[in-house]
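J.:
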Amino acid sequence: MFLKKSFAIAILAVMTVCASAQDFKKFRFGPTVGLNLASNSAKEVKPKVGFSIGALGEYNFTNNFYMTSALKFSLKSSKFENEKKGTHGSYEPYYIEIPIHGGYRYSFNDKFSVFGEFGPYFGIGVFGKAYENNVLMKKEAVAGIYPETEYEFRDITMDYFGDFKNHSVLGANRFDFGLGVAAGVEFSNFQARLGYDLGLTKIFDVEGSARNRNFYIAVSYMF
């Protein structure tokens, strides 16, 4: 319940920033696109390239201090290999994400500046798939040709989010929350940003469950 309330507060905060920005010299917005290199804290999970696309808003309190937020559609894909079981595969979850960062900007002139940002992010999983190869599964009896106790290797596909169901739904939590840090440069309204998000919520409701991790690079244009 607390996490859901936090996500609702994040959305309200984004709306508040936009609604209060009546001085358009202080408020800027624009499209943003990026590449994700996501994984999670489990040692067998490795990064895989994903993407993000959305809209970015920025409110400047002074020439140096600002607040920024975004609404992004983001693919946080990753791959894994379990040497003990001999299985491998990938995760392809899609999220709606809202980062809310405070930032500091240093301008060298009217066109070029550097900046750094830090703050929380909120995400909600919308859909996704999990693919697992070489899974040892019980054979189905076919007209008595072989008994049910025999096994075979299969490739399986599961829904990433939702209530856990064996071999059909992986059961990952939809809500994601964490902290993010980013740094970048701006030249003539174009921004290039390099960032890292550290997930704090469990991906699964089990003890020792992994958390999301994500390096990203993004390009934005501010109007």
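Heads up: take any position in the sequence shown, counting from 1, add 76, and you land on my numbering. Glycine is no exception: its CB is placed at the ideal position from the N, C-alpha and C atoms. In this text, all values refer to a predicted model and were calculated from it rather than measured experimentally.
#1: For D239, name the three-state secondary structure that DSSP assigns.
#2: Please state the DSSP three-state secondary structure of R22.
#3: Which residue comes first and which comes last in the beta strand (DSSP E) that contains N140?
#4: Indicate whether P123 and S154 have their beta-carbon atoms separated by less than 8 Å.
#5: Go ahead and pull the three-state DSSP assignment for V282.
#6: Where does K214 sit, in a helix, a strand or coil, going by DSSP?
#7: For K161, is the classification buried or exposed, using 16 other Cβ atoms within 10 angstroms of its Cβ as the cut-off for buried?
#8: By the three-class DSSP mapping on this structure, what secondary structure does F299 have?
#9: What's the C-alpha gap between E301 and E226?
#10: Between the C-alpha atoms of Y207 and Y292, what's the straight-line distance to the nearest angstrom?
#11: What is the residue span of the beta strand (DSSP E) that N265 lies within?
#12: Should K152 and Y180 be called a contact, given that it needs their Cβ atoms to be closer than 8 Å?
#13: I think Y236 touches V257, with their Cβ atoms under 8 Å apart; what is that distance to the nearest whole Å?
#14: Would you check if there are 3 or more beta carbon pairs closer than 8 Å linking the stretch 112-126 to the stretch 281-290?
#15: Just the C-alpha distance for F263 and S285, rounded to the nearest angstrom, thanks.
#16: Which of the three DSSP states, helix, strand or coil, is assigned to A97?
#17: With DSSP run on the structure shown, which of helix, strand or coil describes N249?
#18: With V125 and L147 assumed to form a contact (beta carbons below 8 Å), what rounded beta-carbon distance in angstroms separates them?
#19: Can you list, in chain order, the residues of its chain with a C-beta nearer than 8 Å to that of S244? Leave out the 5 residues immediately preceding and following it.
T.: In brief:
#1: coil
#2: For residue 22 there is no data in the structure shown, the boundaries of the chain being 77 and 299.
#3: From DSSP, N140 is part of no beta strand (DSSP E); its letter is neither H nor E.
#4: yes
#5: coil
#6: strand
#7: exposed
#8: coil
#9: One cannot answer for residue 301 here, as it falls past the ends of the chain, which runs 77 to 299.
#10: 23 Å
#11: From DSSP, N265 is part of no beta strand (DSSP E); its letter is neither H nor E.
#12: no
#13: Y236 to V257, Cβ: 26 Å. No contact.
#14: yes
#15: 41 Å
#16: Caution is warranted here: a pLDDT of 43 is assigned to A97, below 50, making its placement in the model unreliable, and no coordinate value can be reported.
#17: coil
#18: Contact doesn't hold; Cβ gap of about 22 Å is too wide.
#19: M234, D235
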